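Please read the structure below before turning to the comments.
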Amino acid sequence: MHLGEFFKDVRKYQGLKQQHVAQEVDITHVALSRFESGRSVLSHETLSKIAVILNINPRFLTDQSLNPFYSNELLKMYLSADFMEVKYSLLSLFQVMLRTQITEMYLLVPPISLLDRIVRLNISQEIPVYAITCRDREGNMYLFRRKSANEFILKTKELIVGIKNMLYTVNKARERTPFPYKVRKIDKDLYEKIKDWSVEKEDLVFFFQDEDKSKIIYEYALSINAGHDDIQKALEFFKDPKK
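Position 120, counted from 1, in the sequence shown is what our numbering calls 1115; the numbers after and before it change by one each time, with no gaps.
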């Protein structure tokens, strides 16, 4: 994949139009289109400006072995509407997973009323994942959702199998590449924020803060030679939402 194609993909994943990006960096729509298709080049100065808009690390322009993404804000990306092939419908997620080191991932299941389950799903079926949030080793936080706010992603098991198969295929590994994930049911307020795409980093950061604090508790317990039962009780107390 050439640099222009990568920029194009990242722009589309974030729902940004060519015309908008071109205007922001004071170039023509045609010039950006030619760069994205690999038919021309842009100056380093212009590319650096585009990179900032797309939440791409400007250092990636000269060292493509680096994590290409960099943002202090939540990186919100759309998933494809193609439901026929998992590998096509999850391309934006795969792009991030293959170019970064994801340390934590949460599959977010929304609160669904009984009526919604009857109308949109089936009362006997598993509620599919609505969004995915993850964090990479550099601390970047991502959120993925279908472009249509009313669409789910996939059922949990289908999603996990699809991701594992894709990573295995791309990496051509002898063993399927493991990745850390947990399933979390979100409340109505967070569901609505993700649905209308107004969700921000502070709305999701508690997932990852909880993980960090759990690790701190665990490491401290080990440092004072606490027994296994004591460690387990401490972690269970900490994770209890009522406490």
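Where is the CB? At the ideal position from N, CA and C, for every residue including glycine.
Predicted model only: the values in this text are computed from it and were never measured.
Pair within 8 Å by beta-carbon distance, residue i and residue j
i, j, result
"M960", "L1154", "Lying outside 996 to 1238, the shown extent of the chain, residue 960 is not represented and no answer is given."
"M1072", "F1139", "yes"
"E1068", "I1048", "no"
"Q1096", "D1058", "no"
"T1151", "V1178", "yes"
"M1100", "F1147", "no"
"I1122", "L1088", "no"
"L1085", "I1158", "yes"
"N1062", "N1052", "yes"
Secondary structure of residue i, DSSP reduced to three states
i, result
"D1198", "helix"
"L1011", "coil"
"F1001", "helix"
"K1177", "strand"
"L1185", "helix"
"L1074", "strand"
"I1022", "coil"
"T1128", "strand"
"Y1137", "strand"
For residue j and residue i, believed in contact at Cβ under 8 Å, the rounded distance
i, j, result
"R1141", "L1070", "That pair is no contact at about 16 Å."
"N1135", "Y1065", "7 Å"
"S1043", "L1056", "7 Å"
"L1103", "V1124", "6 Å"
Chain-order list of residues whose beta-carbon lies under 7 Å from that of residue i (same chain, five-residue window excluded)
i, result
"I1045", "F1002, V1016 and V1020"
"R1169", "Confidence at R1169 is low in this model, with a pLDDT of 46, below 50, so its placement is unreliable and the value that follows should be read with caution. If we look at R1169 and ignore the five residues flanking it on each side, it has no Cβ neighbours."
"K1190", "A1144"
"H1024", "Q1013, Q1014 and A1017"
"G1033", "H997, G999 and E1000"
"K1196", "E1068, L1069 and M1136"
"V1165", "L1093"
Same chain only: Cβ atoms within 8 Å of residue i, ignoring 5 sequence neighbours per side
i, result
"I1022", "L1037 and T1041"
"P1106", "K1180, I1181, D1182, K1183 and Y1186"
"F1203", "E1099, R1130 and M1136"
Sequence-distant residues of its chain with Cβ nearer than 6 Å to residue i (five each side left out)
i, result
"D1004", "none"
"S1035", "R1029"
"G1010", "Y1073"
"Q1199", "According to the sequence shown, residue 1199 is Leu rather than Gln. Once the five neighbours on either side are set aside, the close Cβ partners of L1199 are T1128."
"E1133", "N1062"
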